Every structure is written in C-alpha cells, then in structure tokens.
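Student: Chains as they are written, first to last, in the working numbering: chain A, 487 to 586; chain B, 1315 to 1685.
The beta-carbon is built from N, C-alpha and C at its ideal position, and this holds for glycine as well.
None of these values were measured; they are calculated from a predicted model.
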Amino acid sequence: MCLGIPGRIVSMRRDEGGLYNGVVDFGGVRRDVCLAYVAGEVSVGDYVIVHVGFAISKVDEAEALRTFEVLREMSQLDELEWMAQLADGADAVRAREVAP
Amino acid sequence: MKYLSEYRDPALAQALVRRIRRTATRTWCLMEVCGGQTHTIVKQGLNEVLDGAVEMIHGPGCPVCVTPLEQIDRALALAADPRVIFTSFGDMLRVPGSECDLFAIRARGGQVRIVYSPLDALELARQNPDKEVVFFAVGFETTAPANAMAVWRARELGVRNFSVLVSHVTVPPAITAIMEDPDNRVQGFLAAGHVCTVMGWEEYIPLAERYRVPIVVTGFEPLDILEGIWMAVRQLEEGRHEVENQYVRSVKREGNRAAQALVERVFRVVDRTWRGVGTIPASGLGLRDEFAAFDAEKKFDLLHITATEPAECRAGDVLKGRLKPFECPAFGARCTPSTPLGAPMVSSEGACAAYYNFGRFHEAATQEATP
Ligand code: SF4
C-alpha cells in the first residue's frame, strides 16, 4: 500500500478547481496524477514518485545517477580486490607446491 | 523502467552483500519499518544471504496490518449500510474483522468499491448525490497528504455526501514504542523512504540521539535496501548513531513542505491503537474539528462499535520482532492468505503473508533448526 512508483510526466493541466493534475507514464501505462504537491518544481518530462494517485516528490536525477555511480565504483573496486585475492591465493598455492 | 530496474542489478547487489558481510564483525539486528521493504527483503531472500551479518526484524510498517480490529468492524458496519457506498484501497478488503471482511459484505449486497486514489472516491460522491460515499482513510504519513487533499477538496467543492473513516498512523511514535520495549533487540532502523519523502528526516534526529540508534532513510528496491543496510552496519561498527539518507533521489531533509502543510491543516495528532500492538500515545492522525462534517465516525455514530482482538493471532509478537511468522502455531495451517486469522497474513506487505507467499519459511525453518 505504501508503494510509490516513479513515472514520467507526459502532460500537465489545471482542473476546474485550479488543482494541478497531469498524465504520468509508468513504463507504458498512463494514469491521471494529482501534481499539487510538486507544482512549481516539475515540468513535462520530469520523473516523479507517485503514491495513491499523488506525486509526492520529483526524482532528483543527479542524485539518482550519483548513487548509482557510487555503487558501480564499489562493485568495480570489489572486483579488483577479488582478483587480487585470487592472485594472492594462486601465489599461496604455488608456494605450497614449492614448499617441501 | 527508468529509476526502477537499475536498482535491481544482481551484480551490484552481490557486491553490496559482500561489503556488508565483510564490514560486519558480528550479527546486527536491524528493523525495516516499512512493509514495502519487508516484501522486497523476503521476496529477494535478503535475510538469508545476509545470515550471520545482519538479522532483519520486520517492523509494524504495514498500514493494512496495524489498522485496529474495531476500525475494521466500523468499516464493515458502514459497508453494510444500504445508504452507503464504501470505498477503499484494494488491500483492505480481505482484512478480517470480528465476523467477516469487506469482500463478504460485498457478496451480501453491500456497495464496496476499490479506488486507486481518494480523489476517485470524492468523484464517486459527486456522481452519486443520493448516496453517502465513505472512504477508508488508512495509511502512514505517505498517504496522509492524499487523504487530506480529498477532505480539503470536498469542503471546497461543498460535497456533503462524502466522508472519511480515518485510521492514520505515524512512524516516529512506533520507533519510540519499539525502543522503550524492555525486550527490544533492534540496534538500527531502516526508515521508510516514502514516509520521509513527505515528512523529511529531521524528526528522526532526536530519536537517533536518545536511543543511540542509527536510522537510515532507505528506498524500496533491492539495491536501496542493501545500501541502507550497509550504511547502518557501518555506523554500528564505527559506534555512530546518526540519521543518514540513502534515498537521496526522493527524500529531502525538510521533506515535502506543501504536503506537510495540508496534512497539518486537515489533521491533528491523536492517540491510536495499533492492531496487535496496543495503544501508542500521539501515534496517529485524526480530522480536526473544523472538518467534523467529513468524519464518518461522527456522521454515522460509530464510536459505540468496539472489539477485542482474538488471542490466537500472534501479530503483536510478529510486529515487535519477538516472533518470526513461521514460529506462529497457526502459520500456514489455520492461517493462510486465503483464510487469514490476522492482518499480517492479508496484505502482501504483511510479514506473515510475505513469508507464506515466497515460501521462505521452509528454508528459514531449516536454518533455525541447525545450530
Ligand atoms: S501467521 Fe496468522 S495467526 Fe499467526 S501471527 Fe501471522 S497473521 Fe496472526
């Protein structure tokens, strides 16, 4: 129930009561979404997190990329360490073979 | 899907798991507060791959699960009233009340409709001026802005045949209740990313201080959760207890001010009973007096309906992390998702249903059995 799903704003309009609404695309599925709580920060093309028909935040694309970069770097670093360990391991094996 | 599938990358997930395992020098007990995170953790088997480094205790953060029995009974009474069209999010329909659930009322001819947004319920009221439309306003801080808007709009548009049955709960008082429990084992929290999207994270700072417990605001995808766990474990290993934000792409320190402002206008803080847990002071939201005309409890005189929870369901122990769902004697036998005894077996975000649906109890049971 607390699901919040990211989607891209396709169009924006104001309804009879002056409330900001819009159509948001969720990977092909489109829905009407109330944009009142993010009005002023978003425009068409932006990604928003939507919960029960309401956009509750604009996805910060720069931060999203940054998080991802950190994770990627970490994983690459891990791989290097892993390879280094393998190499160490190989040395150890060789050392054992050499030892009497 | 953008901003979703990237956060499910298995290679990166494995790297994070290795990190966590390498960082942890002992098993740390962490609690994810939110049911959405419980769902991901159990579905992906994260608690198993982290075994020995981290034990995840599944917190009370499923609004479906903690809505008290008497509130369900009141919903059932309203739904059975021929003057009423009762509207709700879909996952409330199977929650067992004292005698039956909303599905059963619907089968007997009650008008029960599932809506996607509370504004849809308001629209239904405008289309059916001869009926009373009631919306079941449950949820945490994430959902409160939507429900506040529906009530606000109803007043603005002068819709008199619309009201809400409110059962809103808030997270920080639950964290306090958990930390004050003498049997508490939780050493760190993953705070719910979407609750904090609305509320920000400043209100968690005094909690982290007072209980010397790390609190990491965390998103919902596997990589988010693993990164959140890693951040919490690092804090614990370094002896820190701070509020950190993993879910930066959605959560700002101050949260969504516009949403907070309307919630504040429409709701006030009240004591709430949490199903299985009991009453927690100042742990929920109720309508302000100026919106009494939209308060279904007052409009339909429901306050005389009270209920006591059945003893067989151990939901309280599960929600406090004292009992794993599969340790409940009823689990999988008398209690299954199609015949739930308690609310945590109903919602896919409930801890019991999550274990049942993903068949984790077999593995978990064998793991528990081996010393
Ligand atoms: S398995 Fe069923 S009876 Fe047992 S705690 Fe969970 S919901 Fe309650």
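Taking H1508 of chain B as the query, report the chain A residues whose CB atoms sit under 9 Å from its CB, ordered along the chain.
Tutor: Residues of chain A passing the Cβ test: C488, L489, G490, I535, H537, I542 and S543.
Student: For a test of the three-state rule: what should DSSP assign to C1376 of chain B, helix, strand or coil?
Tutor: In the structure shown, C1376 of chain B sits in coil (DSSP, three-state: anything other than H, G, I, E or B).
Student: D546 of chain A CB to nearest chain B CB: under 8 Å?
Tutor: Closer than 8 Å: yes.
Student: Can you list, in chain order, the stretches of the beta strand (DSSP E) that have 3 or more residues and sit fully within the segment 489 to 522 of chain A?
Tutor: Listed in chain order, they are 491 to 500, 506 to 512 and 515 to 520.
Student: Answer with buried or exposed for K1638 of chain B, where buried requires no fewer than 16 other C-beta atoms within 10 angstroms of its C-beta.
Tutor: Buried, since its Cβ has 16 or more Cβ neighbours within 10 Å.
Student: Do we get a CB-CB distance below 8 Å when we pair Y1518 of chain B with the residues of chain A?
Tutor: By this cut-off, Y1518 of chain B is not an interface position.
Student: Should V1483 of chain B be flagged as near chain A, meaning a C-beta pair shorter than 8 Å?
Tutor: Chain A, which has no Cβ nearer than 8 Å to the Cβ of V1483 of chain B, makes this no.
Student: Which of the three DSSP states is assigned to F1581 of chain B in this structure?
Tutor: Looking at F1581 of chain B - three-state DSSP - the assignment turns out to be strand.
Student: Would you list the residues sitting across from H1482 of chain B in a DSSP beta bridge?
Tutor: Partner(s): B:G1453 and B:L1599.
Student: Which residues in chain A have a C-beta closer than 7 Å to the C-beta of E1320 of chain B? List them in chain order.
Tutor: In chain order: F554.
Student: Any heavy atom of the ligand SF4 within a distance shorter than 7 Å of the CB on C1649 of chain B?
Tutor: It does: the Cβ of C1649 of chain B is within 7 Å (strictly closer) of some heavy atom of the ligand SF4.
Student: Do T1484 of chain B and F1454 of chain B count as a contact pair if the criterion is CB distance below 8 Å?
Tutor: Yes; because the gap between Cβ atoms is below 8 Å, this pair is in contact.
Student: Let me know if E583 of chain A comes out buried or exposed under the rule of 16 or more other beta-carbons within 10 Å of its beta-carbon.
Tutor: Bear in mind that the predicted position of E583 of chain A carries a pLDDT of just 46, short of 50, making it too unreliable to give a figure here.
Student: In this structure, what does DSSP give as the bridge partners for E1558 of chain B?
Tutor: Answer is B:V1530.
Student: Would the beta-carbon of P1654 of chain B be found less than 7 Å away from any heavy atom of the ligand SF4?
Tutor: Result yes, Cβ under 7 Å from the ligand SF4.
Student: In the DSSP assignment, what residue or residues form a beta bridge with S1319 of chain B?
Tutor: Looking at the DSSP assignment, S1319 of chain B forms no beta bridge with any residue, so it has no partner.
Student: Does the distance from the CB of F1450 of chain B to the CB of M1406 of chain B come in under 8 Å?
Tutor: Closer than 8 Å, so yes.
Student: Starting from A1546 of chain B, follow the alpha helix (DSSP H) in both directions and report where the run begins and ends.
Tutor: Looking at the DSSP string, the run of the alpha helix (DSSP H) that includes A1546 of chain B is P1536 to E1552.
Student: Do you know offhand how far P586 of chain A's Cα is from F1640 of chain B's?
Tutor: Confidence in P586 of chain A is poor, its pLDDT being 41 and thus under 50, which makes the residue's placement too unreliable to answer from.
Student: Considering only their Cβ atoms, is the gap separating A1389 of chain B from L1416 of chain B smaller than 8 Å?
Tutor: Against a cut-off of 8 Å, the Cβ pair of A1389 of chain B and L1416 of chain B comes out as a contact.
Student: At the level of alpha carbons, what is the spacing between R1322 of chain B and D1495 of chain B?
Tutor: Going by the C-alpha atoms only, they are around 35 Å apart.
Student: Between which two residues does the beta strand (DSSP E) holding W1342 of chain B run?
Tutor: Counting along the chain, the beta strand (DSSP E) containing W1342 of chain B begins and ends at W1342 to C1348.
Student: Are the C-beta of M560 of chain A and some C-beta of chain B separated by less than 8 Å?
Tutor: Taking Cβ atoms only, chain B reaches closer than 8 Å to M560 of chain A, which makes this a yes.
Student: In whole angstroms, what is the alpha-carbon distance linking W1544 of chain B and N1559 of chain B?
Tutor: W1544 of chain B and N1559 of chain B: Cα-Cα distance of roughly 12 Å.
Student: Please check the pair V528 of chain A and I491 of chain A, which I expect to be a contact at CB under 8 Å, by giving their CB distance rounded to whole angstroms.
Tutor: Not confirmed; about 16 Å, so no contact.
Student: If the criterion is Cβ atoms closer than 8 Å, does the pair E1556 of chain B and G1590 of chain B meet it?
Tutor: Contact: no.
Student: Find the nearest neighbour of L1617 of chain B within the set B:L1330, B:V1480, B:G1359 and B:A1468, judged by alpha-carbon distance.
Tutor: With distances taken between Cα atoms, L1617 of chain B lies closest to B:V1480.
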